[in-house]
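Working notes for the structure below.
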Amino acid sequence: MAIRREENSLYGPDVLAYIQRAAEHGVYDIRGLGAKRRVPHFDDLVFLTASMSRYPLEGYRERCTTKTVLGTRHAKKPIELAIPITVAGMSFGALSARSKEAIGRAATAVGTSTTTGDGGMTPEERESSKTLVYQCLPSRYGFNPDDLRKADAIEVVVGQGAKPGGGGMLLGQKITERVAAMRTLPAGIDQRSACRHPDWTGPDDLAIKIVELREITDWQVPIYVKIGASRVFNDVKLAVKSGADVVVVDGMQGGTAATQQVFIEHAGIPTLPAVRQAVEALEEMGVYGEVQLVVSGGIRTGADVAKALALGADAVSIGQGVLMALGCNAPRPLDGGTHEDVSADYAKLGTEPGYCHHCQSGRCPVGVTTQDPSLELRLEPTEGARALRNYLNVLTMELTTLARACGKSNVHHLEREDLVALTVEAAAMAGVPLAGTSWIPGRRSSEPGGW
Amino acid sequence: MTVLDLEQLSVREINYALHHRDSMESVTLVNPGGAHNLAVGLDWPGEVEIRGHAGYFVGGMNKQATITVHGSVASSVAENMMSGLVRVRGNASQCAGASMHGGLLVVEGDAAARCGISLKGGDVVVGGRVGHASGFMAQAGRIVVCGDAGASLGDSLYEAVIYVGGGIKSLGADAQEEEMTEADVVVVRALLAKAGLAEDPARFRRVASARTLYHWNADAQQEY
Ligand code: SF4
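Those protein sequence lines, which keep their order, are chains Z and R.
Using the numbering used here, read the first sequence as starting at 502 and increasing by one per residue.
Using the numbering used here, read the second sequence as starting at 866 and increasing by one per residue.
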């Protein structure tokens, strides 16, 4: 009899594998990186570059400013960056010290900032980074006043796009003696990072906490508040009310070192609507321009950066793209010359280059997210710094290319009016018209763009 | 002795003066009026007396200094203290000693919920009772409670140890009562002496982690 293969859209191969795995092992999946499923994103927007009604600037020749200043609201020393592209917080522990050093060197070379992560500040990181943002996380691992005073800005992390409302996990295989000592925990145990701050519980408390951080640092440095995108409109307003100089909004595509898959794919909202809601919140409070907005979660290309800025962000922050520039998911590591093919090590993780998301394992085949002394050597900091510098430069060149084509001599002059959407979903989420129409879905007929 | 008056100076001016002190060996703050963030971020081996009630975060991130509050305090006294001594003559609201890394916090009265939460070192001694979820996720250091402890004591404890003189309403996840050894009695005696509290160390009970949460689903043999 002929075999019939009727496709089942509800119980496809992925779902079947998931159920079989759950049944066999009784555990859920924990993995690294961010949401993989398709959600409306910056790719669904395009620029209306100059033609008859606008006047473009000349390609790569005419000046187009990328200077970015963050933290002008209260701090005596706001952060001045050469470009609006920053490096997101990633912990020493999740990343090796060599990765952190490579990131610091590249960021310094292109004039932007890096960010610490859960686990505190390493000397390598401080030395290699000209501008370093120090995170104040719920876990407070390694958090101390000396490093606080060494920081150029402080970021109070309320949540992360990959897991808004969730804490962190660092599995035992990555907790070496050094990582354990920085976190005041026994080596080798699976380690839970708290999901709530220990010393404040709501926005009224946070307002006092922020003043405490300002008092300790004599009001010198800016204070960012980072939220994972869920109820963005209200959360941004509360962050502003709490006294933030800068609000960082991380969409659901934002990465993580190790989080439950169910969280990564099913919690939070995409970056696209998150930017729009954040901008609307700032506008409604009358602080747009006074409180800066940094957006993260799936920023990969210069076009993504340009679109985020056009929608109203002051800067973007990149995590996964940075790891990929350092060799994540490439067949060969940036080890400075040996260039061995490490596909066999991907295979040991049950994957291959291009599909890896096993940062949680501590067995990163390219040495980026590992604490293993031999794997760590697969990332040579000078090579890593060179590659990341190139990547950040390309993003910047693409950003200015698009800005010039829109007739802007400053990337911060990109505006919502420069964008249209290719899909109805993206138009509704980003609040820009569907291409070829003046329709913004969701707007009332009395509002601009409403039908 | 230098006297700084909260009715004359702002919190910011006072902290600035404390951070950039010349040779002030001891400083007295008068009329605190429950102000938040008093004497935060100090890094100097002097003494600060606060004559009255203080608000949130008093003594936050302290290093070296000896800070005494002659009154009660609001949330998160001595949060993230690194070293030194913070003493509260009255009661403390919630999260006293949150995430402390070192030093000694003494609350002579009661402390509310989440006392010693996320503790990473150092010692907390409470003369009276503590509220619920005290010692939550505490990683290292010691908490001594002379009175009763509220519900869910030591929930998700790591390596910190809690000693309780009174009753325990309930233990939190992964916390267990363990036998008091001679060494424990010595520890409690020394901490009570440091805190200046006349209690009998022999009557205390020891609560520590059962360590069943140290590995996320150990049955899975790390196959995640
Ligand atoms: S290659 Fe390394 S950094 Fe990239 S996903 Fe795999 S483990 Fe993570």
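All residues carry an ideal CB built from backbone N, CA and C; glycine is no exception.
| For G987(R), which of helix, strand or coil comes out of DSSP? | The DSSP-derived three-state label of G987(R) is strand.
_Against chain R, does L876(Z) count as a neighbour if the rule is that its beta carbon must be under 8 Å from one of theirs?_
No, L876(Z) lies away from the interface with chain R (no Cβ there is under 8 Å from its Cβ).
| Could you give the distance in angstroms between the alpha-carbon of A1055(R) and the alpha-carbon of Y1028(R)? | Roughly 13 Å separates the two Cα atoms.
*asked:* I'd like the list of long-range same chain contacts for I800(Z), defined as Cβ closer than 7 Å, with 5 residues on each side in sequence excluded.
replied: Only V806, A809, V817, I819 and G822 meet the Cβ criterion.
Quiz prompt | Chain-ordered neighbours of I932(R) on chain Z, where CB pairs are closer than 7 Å | solution = Taking the beta carbon of I932(R) as reference, no residue of chain Z falls within 7 Å; the closest one sits roughly 14 Å away.
Item to complete: Using a Cβ cut-off of 8 Å (strictly closer), state whether A908(R) contacts chain Z.
Response: Sequence inspection shows Asp at residue 908(R); the Ala mentioned does not correspond to that position. Yes, D908(R) counts as interfacial toward chain Z.
>> Spatial neighbours of A929(Z) within its chain, please: C-beta separation below 6 Å, excluding the five flanking residues on both sides.
In response: Hits under 6 Å: P942 and G943.
Under 6 Å from any heavy atom of ligand 1, by CB: list those residues in chain order, please.
Here the residues close to ligand 1, judged by CB distance below 6 Å to any of its heavy atoms, are G533(Z), L534(Z), L824(Z), C829(Z), N830(Z), C857(Z), H858(Z), H859(Z), C860(Z), C865(Z), P866(Z), V867(Z), V869(Z) and T870(Z) in chain order.
- prompt: For the 8 Å Cβ check, are there 3 or more pairs between the segment 580-592 of chain Z and the segment 854-866 of chain Z?
  reply: Verdict: no, contact absent.
Checklist line | Three-way DSSP call (helix, strand, coil) for D751(Z) in this model | finding: Strand.
_Contact list for the segment 1035-1061 of chain R against chain Z, Cβ threshold 9 Å_ = Listed in sequence order: no entries.
Quiz item: First and last residue of the alpha helix (DSSP H) that includes M926(R)?
Solution: Taken as a continuous stretch (DSSP letters only), M926(R) belongs to no alpha helix (DSSP H), as it is neither H nor E.
Checklist entry - C960(R) and S940(R): beta carbons closer than 8 Å? => result Yes, the pair counts as a contact, with Cβ atoms nearer than the cut-off.
task = Answer with yes or no whether the minimum CB distance from H935(R) to chain Z is below 8 Å.
result = Chain Z contact via Cβ: absent.
### Message
Just checking: is the beta-carbon of S940(R) within a distance shorter than 8 Å of some beta-carbon in chain Z?
### Response
Answer yes: the Cβ-Cβ gap between S940(R) and chain Z drops below 8 Å somewhere.
Original post:
Using Cβ-Cβ distances below 8 Å, what residues of the segment 706-734 of chain Z are close to chain R?
Top reply: Answer in chain order: D706, I709, K710, V712, E713, E716, I717, T718, D719 and W720.
Q. D706(Z) lies in the beta strand (DSSP E); which residues open and close that run?
A. Segment P704 to I717 is the alpha helix (DSSP H) holding D706(Z); no beta strand (DSSP E) there.
*Residues near P687(Z) in its chain [Cβ-Cβ closer than 7 Å; skip 5 each side]*: Apart from the 5 residues on each side of it in sequence, P687(Z) sits with its Cβ closer than 7 Å to the Cβ of A681 in its chain, given in chain order.
- Message: By the DSSP assignment, the beta strand (DSSP E) with K727(Z) in it spans what residues?
- Response: I724 to G729 is the span of the beta strand (DSSP E), which, as asked, contains K727(Z).
*asked:* Among A1073(R), S1074(R), A1075(R) and V1051(R), whose alpha-carbon lies nearest the alpha-carbon of E1064(R)?
replied: That would be V1051(R), whose Cα lies nearest to the Cα of E1064(R).
Backbone secondary structure at S875(R) - three-state DSSP: Coil, per DSSP.
Determine, for V665(Z), whether the minimum Cβ-Cβ distance to residues of chain R falls below 8 Å. Strictly speaking, residue 665(Z) in this sequence is Pro, with Val absent from that position. Nearest CB-CB separation between P665(Z) and chain R: not below the 8 Å threshold.
| message | For A708(Z) and D1039(R), I'd like the C-alpha separation in whole angstroms. | response | Near 33 Å, if we compare the C-alpha coordinates of D1039(R) and A708(Z).
Requested in this report: Could you please give me the residues that DSSP links to I586(Z) through a beta bridge?
Outcome: Answer is V817(Z).
Can you tell me which of the three DSSP states T632(Z) falls into? In the structure shown, T632(Z) sits in a strand (DSSP, three-state: E or B).
* **Near-chain Z residues of the segment 870-898 of chain R (beta-carbon distance less than 8 Å), N- to C-terminal order** => Listed in sequence order: V876, R877, N880, Y881 and H884.
8 Å Cβ cutoff met for I497(Z) and T757(Z): Nothing can be reported for residue 497(Z): it is not among the residues displayed for chain Z, which extend from 502 to 952.
Closest Cα partner of T550(Z) within the set A931(Z), V925(Z), E916(Z) and R945(Z): Among A931(Z), V925(Z), E916(Z) and R945(Z), the Cα nearest to that of T550(Z) is on E916(Z).
Discussion item. At the 8 Å Cβ level, is G621(Z) part of the contact set with chain R, yes or no?
Written reply: Contacts with chain R at 8 Å (Cβ-Cβ) do not include G621(Z).
Against chain Z, does N902(R) count as a neighbour if the rule is that its beta carbon must be under 8 Å from one of theirs? Closer than 8 Å: yes.
Where the alpha helix (DSSP H) through S597(Z) begins and ends: Here S597(Z) belongs to no alpha helix (DSSP H), and DSSP marks it neither H nor E.
List, in chain order, every chain R residue whose beta-carbon is nearer than 9 Å to that of T871(Z). Neighbours of T871(Z) on chain R: none; closest Cβ ~16 Å, over 9 Å.
**Asked** Which residues, in chain order, does the segment 995-1024 of chain R contribute to contact with chain Z at a C-beta distance below 7 Å?
**Response** Cβ contacts with chain Z come from M1002, Q1004, A1005, Y1023 and E1024.
Exercise for the section: Within its chain, find whatever has a CB closer than 6 Å to the CB of I932(R); leave out the 5 residues flanking it on each side and keep chain order. Expected result: These residues qualify, in order along the chain: A904, V913, G924 and V951.
> P704(Z) and L671(Z): beta carbons closer than 8 Å?
Replying inline: Not in contact: P704(Z) and L671(Z) (Cβ atoms no closer than 8 Å).
Taking 8 Å as the limit between beta carbons, can you name the residues of its chain near C565(Z), skipping five residues before and five after?
Cβ neighbours of C565(Z) beyond the five flanking positions: L558, T901, A904, R905, K909, S910, N911 and V912.
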